[in-house]
Each structure stands twice: as structure tokens, then as C-alpha cells.
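Just below is one structure, and these are the notes that go with it.
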Amino acid sequence: MRSAAGEGRERLLEALFDEFGESGPSPSLSMRQVAERLGVHHTLLTYHFGSRPSLLGAVLSEARRRDNLVIAETGDELGFVPLCRAIWDFYSDAAHEDRIRAFFHLVGLAVYERDAYQSFVAGLDDLVHALEAAARRDGDTATEAKQRSLIAVSCLRGLLLQRLLTPEAEVDDAAERLIASLTTLRS
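Numbering-wise (the numbering used here), the sequence shown opens with residue 268 and increments by one.
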């Protein structure tokens, strides 16, 4: 059974998604401004999220959780390379660009204030774990699966960042070459 506080936090997360979309509120908005847009008192946000960084982290963590469910619908029996391709196809979709920007904004802030974004940082390995499971289904050892998955996620995120910074780059072709090369990373 959920506590009233947990239910209130979930309702606030839903309200945040309804008001601001999957990217959440702009990092430049104060807690008071966010609360005003939601029609709640700012102390309610502070009670449930603690701080603006925690609120932003919670929204993007929830968005990432939802993304993982969508990606998983493509089939939790996918092998490593098809799952890498599904992840790339999902996140490289132009419809997710604002959220990708918000993700990298928060990652940048977390580099300087890791403790403030602790819950956000804690969930960053979700895709690594999903890919590890796929690599294990393909026959990789635990060590091979972990290494290939970490390489894949790091490179895919790097390519997403490259796309944001230099949209004219041929990032999709590079992503396809990367994904194809991941089959040869098996020991």
C-alpha cells in the first residue's frame, strides 16, 4: 500500500508531465515558478522533491523509465545489436530532441553537483542493464556483456550529443557503423 506522500508525489509528477511535457520544466524556472504553473504552493514541491535539481531529476528519471517501457515493448527477447538499434531509433527521433537536451543539461549539472542529482545519476545505467541482458541472451559472459553494454550506451549517448551540437554531421551513418561494429566486440 502506498503512502499518501508517495501518491502525492506521483500526482505531482503527472501534473509536471501534463504541464511541461516529457522534458520537464526549464532548468531556469524556480520552484515557485513551477509551482505557480501547476497551481500548487511551492512548499508542496519542496516537500515531495526537496530541491529544483531533485525535481528535474525526478521528471527525467520518470521519462527514462517510461522510455525503457516503450523500448522493452519492441521485444525483451531482442539480441544485443537489434536492441542497440531500437535504442538509437527511439532516442534519435526528432520528437525526443527537447528531452535529450534536458538530459544532457542535467548530466552536465550532475558532473558538478553529483549529490544534488543522486537519484538521477543512480538510474543512468538502466540501458546498460537492458543491453547486458540482451548480450547474455546472445551468449556473452557476464564480463563481456557488461563491457559491450557500457561501450554501446556511452557511444550512443556521445552520438546523440554530437547530433545536438553539430546537426549537420552524419550522425545517423556513424550510429549505424557503430551498431554494426558492436557485433565484433565479442571476445
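Even for Gly, the Cβ is constructed at its ideal location relative to N, Cα and C.
- Per DSSP, reduced to three states, the secondary structure at T433 is coil, with no helix or strand assignment.
- The beta carbon of R352 sits closer than 7 Å to the beta carbons of I446 from its chain, once the five residues preceding and following it are set aside; these are given in chain order.
- The DSSP-derived three-state label of E344 is coil.
- In this structure, the beta-carbon distance from F357 to V337 falls below 9 Å.
- DSSP places V326 in the helix class (H, G or I) of the three-state scheme.
- Secondary structure at E303: helix, using DSSP grouped into helix, strand and coil.
- Shown here for N335: same chain residues with a beta carbon closer than 8 Å to its own, the five before and five after excluded, namely D393, L394, A397 in chain order.
- By the Cβ criterion, the region 307 to 326 is not in contact with the region 401 to 414, since fewer than three pairs of Cβ atoms, one from each stretch, lie closer than 8 Å.
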